[in-house]
Amino acid sequence: MRKLLRLVRIVLTFWRLGVVELALQTLTRRPAGWALALVRPSADYAGQPRGARLRLALEALGPIFIKFGQVLSTRPDLVPPDIATELARLQDRVPPFPAAQSQALIEQALGRPVGELFAQFEPEPVASASIAQVHFATLPDGREVAVKVLRPGMLAVIEDDLALLHVLAGWVERLSVDGRRLRPRDVVAEFDTYLHDELDLVREAANAAQLRRNMADLPLIIVPEMHWDLCTASVIVMERMKGIPISQVERLREAGVDIKKLARDGVTIFFTQVFRDGFFHADMHPGNIQVSVDPATFGRYIALDFGIIGTLTEVDKNYLAQNFIAFFRRDYKRVAELHVESGWVPASTRIEQLEAAVRATCEPQFDRPLKDISLGQVLLRLFQTSRRFNVEIQPQLVLLQKTLLNVEGLGRELDPDLDLWDTAKPFLERWMDEQVGWRALVRRLKDEAPQYARLLPDLPRLVHHALERPPRDDRDLLRALLREQRRTNRLVTMLLVAAGGFLLGMVVARLVSQIVGHGGL
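1 is the number of the first residue of the sequence shown in full-length UniProt numbering; add one for each residue after it.
Next comes the structure, spelled out in structure tokens:
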């Protein structure tokens, strides 16, 4: 009964704000006039843009639908740009739950009273969202910490709303050919996974720890340290960060922060995470970023909230770097070839057709100064162009594009003259230099040398075993001998290649270490 009432509320909300009308127009090629009349929105919302009506409907339906809209805003390959832009404005702010309840949840998760866990605990939360809220506290040894607590009963609420979303997605897919093209069930399934991951705060703590290690040698950003003995799936305790929200530019100026440098640093941090580490903070909106005013770390970024992290493989990074470089060289044929080589566009795609589409998409960008070109918009337009050729954009690249747009918007809000290409180009060229040429050969030989060393002692025994193995049947003697000869030849070849590769790797590694030791590289 509870689910039925919830479904009725969802349908009525969608009807009142015109989302049902929007769905009918989108999923039906020629909707009947009488059908549109039946689903016309109320007069209060009839004149508003479709994206705004959808955003308001999701806000009215509560936290889970707000989060769904936020995730959908990161999928411009599935929704039109005007709707994606409007959904990106969704704010995940809800009233806090009572302090007594928060303390009870902490005590249940950590197995001790709050008075024993902390010398001081501030009952008033400093932040509250749909999934969790945050309190400040002080450990018995005097260290200041932030305590993040999951909202009570979230799993039941999430399961109910997700079940309804799955039902709605199934209806859309069954009732419309265009609806099937949007893959609604796949989108809801992706959201289901994302939301359940966010319910595990240990995963967020692990993301933060990895990012902290990666950024240890880059003195531009601070990532809070996790107190692992006080971390569970429902409660995590981390180092308290003290800074000014990056959106409060006037306060930063008054504190003496170099705003132009801050803008450049944000881009440097992002491209370092993407092209060096392949592990990036994918939720870099202003609410999750502060700037340190502590004398020891003055002017550094402070990263918060690590529930959404993007990862890239070497193939992904290679694809991105080559695409960006080909784009700025106006080599549209290479951009088209990269789409096919990546396997995301069918191999039967005609290169010249895709090249023409990419040219029409990208060439207008060069009518403006280089500093005004948006790398995020370039990626977005490439994704939208690719959709015409039946490409399925990988989720990690869509997440990257969304984060890049955030970084660009933030950087240019701080410094309107920020030249992103001037900042990004050294990372792309350095990364390409490391992937191609003798530097890449040296690095790979050094990486593989331990494997060669482990393989070499076993090869003589494997060869002897292959030579001594008797055939199972005398009638198959000739066939067995030929098979063993081929196997022996392969093993001997492997032995020679491995030995040669091992020796070459050791020589090159020794040479490189000597050069590095003398400052030659």
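In this text, a Cβ means the ideal position worked out from N, Cα and C, and glycines have one as well. Given the structure is predicted, the values throughout are model-derived calculations rather than measurements.
C-beta atoms of Asp186 and Leu162 nearer than 7 Å: no
Using three-state DSSP, classify Met284 as helix, strand or coil. coil
Just confirm the distance between the C-beta atoms of Ala132 and Lys148, as a whole number of angstroms; I'd bet it's less than 8 Å. 5 Å
From which residue to which residue does the alpha helix (DSSP H) around Ile325 run? Glu314 to Phe328
DSSP three-state call for Gly409: helix, strand or coil? helix
Answer with buried or exposed for Phe68, where buried requires no fewer than 16 other C-beta atoms within 10 angstroms of its C-beta. buried
Does Ile515 pass the burial test, meaning 16 or more other C-beta atoms within 10 Å, or should it be called exposed? Confidence at Ile515 is low in this model, with a pLDDT of 46, below 50, so the placement of that residue is unreliable and no value is reported for it.
Roughly how far, in whole angstroms, is the beta-carbon of Phe279 from the beta-carbon of Phe427, given that I think they are within contact range, below 8 Å? Contact doesn't hold; Cβ gap of about 15 Å is too wide.
Do the stretch 258–267 and the stretch 194–207 touch if we need at least three Cβ pairs shorter than 8 Å? no
If I measure Cβ to Cβ from Asp294 and keep anything under 6 Å in the same chain, skipping five residues before and after, which residues do I get? none
In DSSP terms, what Pro245 is bridged to: Gln290
For Arg240, collect the residues of the same chain with a Cβ closer than 7 Å to its Cβ; drop the 5 residues on either side in sequence, then sort them by chain order. Phe136, Glu144, Val145 and Ala146
Cβ shell of Thr232 (< 8 Å), same chain only, five flanking positions each side left out: Ala109, Leu110, Leu201 and Val202
Cβ atoms of Val291 and Ile246: under 7 Å apart, would you say? yes
Where the beta strand (DSSP E) containing Val235 begins and where it ends: Val235 to Glu239
Burial state of Pro416 (16 or more Cβ within 10 Å): exposed
What is the residue span of the alpha helix (DSSP H) that Ala146 lies within? It is not in any alpha helix (DSSP H) - Ala146 instead sits in the beta strand (DSSP E) that spans Glu144 to Leu150.
Nearest candidate by alpha-carbon position, reference Thr311, set Asp277, Glu341 and Ala216: Asp277
How about Glu107 and Val114: do their beta carbons lie closer than 7 Å? yes
Taking just the CA atoms, how far does Pro457 sit from Ala303? 48 Å
Rounded to whole angstroms, what is the Cα-Cα separation between Gly47 and Arg330? 42 Å
7 Å Cβ shell around Phe298 - same chain, five flanking residues per side excluded: Ser292
Tell me, to the nearest whole angstrom, how far the beta carbon of Leu399 is from that of Ala208; I am working on the premise that it is less than 8 Å. Incorrect: roughly 18 Å between the Cβ atoms, too far for contact.
Can you name, in chain order, every residue of its own chain whose Cβ lies under 7 Å from the Cβ of Ile308, other than the five neighbours on each side? Ala282 and Asp283
In whole angstroms, what is the alpha-carbon distance linking His196 and Ala206? 16 Å
Nearest by alpha-carbon distance to Leu410: which of Ala326, Pro81, Thr268 and Gln322 is it? Thr268
Can you tell me the Cα-Cα spacing of Glu352 and Leu338, whole angstroms? 13 Å
So for Ala88, helix, strand or coil by DSSP? coil
Tell me the rounded alpha-carbon separation between Ala88 and Gln210. 27 Å
Does the beta-carbon of Gly170 have 16 or more other beta-carbons within 10 angstroms, so that it is buried, or is it exposed? exposed
Assign residue 524 to one of three DSSP states: helix, strand, or coil. Because the chain spans 1 through 521 in this model, residue 524 falls outside it and cannot be assessed.
From what residue to what residue does the alpha helix (DSSP H) around Gly115 run? Val114 to Leu117
Beta-carbon within less than 6 Å of Phe306's beta-carbon, same chain only, minus the 5 sequence neighbours each way: which residues are those? Glu204, Asn207 and Ala208
Rounded separation between His285 and Glu254 - CA only: 22 Å
Simplified DSSP assignment, three categories, for Ala303: strand
Can the beta-carbon of Val172 be found closer than 7 Å to that of Pro184? yes
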